[in-house]
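For reference, each letter of the first sequence is one residue, going 1 to 209 in the UniProt record's numbering.
Backbone N, C-alpha and C fix where the C-beta goes; we use that ideal spot for every residue, glycine too.
None of the values given here were measured: they were computed from a predicted structure.
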Amino acid sequence: MVRPKKDRWTPDEDIVLVSYVQEHGASNWSLVPRNAGLNRSGKSCRFRWMNHLRPGINRGKFTHHEEQIIIHYHALLGNRWADIAAHLTGRTDNGVKNYWHTHLKKKLDIVNGHVDEPIGNPVAAPALVYQVPPVPAPALVYRLPPVPAPSFAPGREGFDYPSIARAPSFGPGREGFAYLPIALAPSFAPGRVVFAYPPNIFISAGHES
DNA sequence: AAGGGCATCAACCGCCGGAAG
DNA sequence: GCTTCCGGCGGTTGATGCCCT
């Protein structure tokens with residue numbers, strides 16, 4: 001079977017990977033595909049874990065405060081996305097990089113009145129448009145109402161409920177950070193109704209009323 | 001309603017540095 | 001000191017969904 005060039009991870013693959021990492025730890029990535037039975041490269045497994053499945057990842061919309069931090073540190077550090085992400089709670093380097101290219105670069109190009117000149121200069125930082133507050137953004141806290149799991153059906157937010165329901169200890173009313181199926185709910189944002197899945201999984205299921 | 005263009009973001013690729021042998 | 005392996009990183013691409021006409 002020929003793989004497509006960009007093969008999205010399925011919920012089942014996510015479960016396999018999370019289970020493996022929980023049992024063996026997040027190391028020796030080259031062994032993970034073979035030992036876990038995944039048809040992926042070790043790098044792909046690592047990437048999936050680090051950017052989507054790892055506990056504590058914040059996949060909500062970037063706040064104005066986070067924007068300010070990204071702009072500030074990009075001016076200081078240049079395109080060192082991992083270093084910039086380290087200053088943001090729960091953000092990944094890939095997420096920061098994407099956000100920069102899709103939102104901030106355009107915004108700053110317009111504000112600064114040029115399009116081609118790079119913004120990041122580690123020696124002479126350009127005049128910042130935003131004032132950077134001294135304290136990093138606090139971790140987002142999500143409220144997880146006890147919504148019955150069966151009401152979460154395939155097709156809502158694109159998540160395949162039955163696959164995650166097979167995971168142990170699943171139940172509504174638990175709290176945690178994005179972990180597994182959140183990757184399939186790209187519109188997830190604070191204030192939405194979620195299910196929780198221990199240790200740190202939640203699933204977007206629509207807006208609270 | 002359809003389809004073309006655009007925006008967004010997940011995923012891959014290639015390179016680099018450090019650790020281990 | 002050299003080689004190999006692995007993890008980490010930034011750049012880039014491709015898939016998908018949304019919006020506009």
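Exposed unless 16 or more other CB atoms sit within 10 angstroms - verdict on residue i
{"i": "Glu23", "result": "exposed"}
{"i": "Thr10", "result": "exposed"}
{"i": "Arg48", "result": "buried"}
{"i": "Gly25", "result": "exposed"}
{"i": "Arg40", "result": "buried"}
{"i": "Ala75", "result": "buried"}
{"i": "His64", "result": "exposed"}
Whole-angstrom C-beta distance between residue j and residue i, which should lie under 8 Å
{"i": "Ala36", "j": "Leu17", "result": "6 Å"}
{"i": "Gly90", "j": "Asn51", "result": "Going by Cβ atoms, the distance from Gly90 to Asn51 rounds to 12 Å, so no, they are not a contact pair."}
{"i": "Leu31", "j": "Glu13", "result": "Between Glu13 and Leu31 the Cβ distance is about 17 Å, and since that is not below 8 Å, they are no contact."}
{"i": "Trp29", "j": "Arg8", "result": "With a Cβ gap of about 19 Å, Trp29 and Arg8 do not count as contacting."}
{"i": "Gly42", "j": "Pro55", "result": "About 20 Å; that fails the 8 Å criterion."}
Backbone secondary structure at residue i - three-state DSSP
{"i": "His64", "result": "helix"}
{"i": "Asn79", "result": "coil"}
{"i": "Thr102", "result": "helix"}
{"i": "Ala85", "result": "helix"}
{"i": "Gly90", "result": "coil"}
{"i": "Ile69", "result": "helix"}
Beta-carbon proximity list for residue i, same chain, < 7 Å, skipping 5 on both sides
{"i": "Thr92", "result": "Met50, Asn51, Ile57, Ala85"}
{"i": "Val21", "result": "Trp49"}
{"i": "Ser44", "result": "none"}
Chain-order list of residues whose beta-carbon lies under 8 Å from that of residue i (same chain, five-residue window excluded)
{"i": "Ile70", "result": "Phe62, Ile84, Leu88, Val96, Tyr99, Trp100, Leu104"}
{"i": "Trp81", "result": "Asp93, Asn94, Val96, Lys97, Trp100"}
{"i": "Thr102", "result": "none"}
Own chain residues within Cβ distance below 6 Å of residue i, not counting five before or after
{"i": "Tyr73", "result": "Ile84, His87"}
{"i": "Asn94", "result": "Asn51"}
{"i": "Ser27", "result": "none"}
In the UniProt domain "HTH myb-type" (1-57), which residue ranges form an unbroken beta strand (DSSP E) of at least 3 residues, counting only runs that do not cross its ends? none
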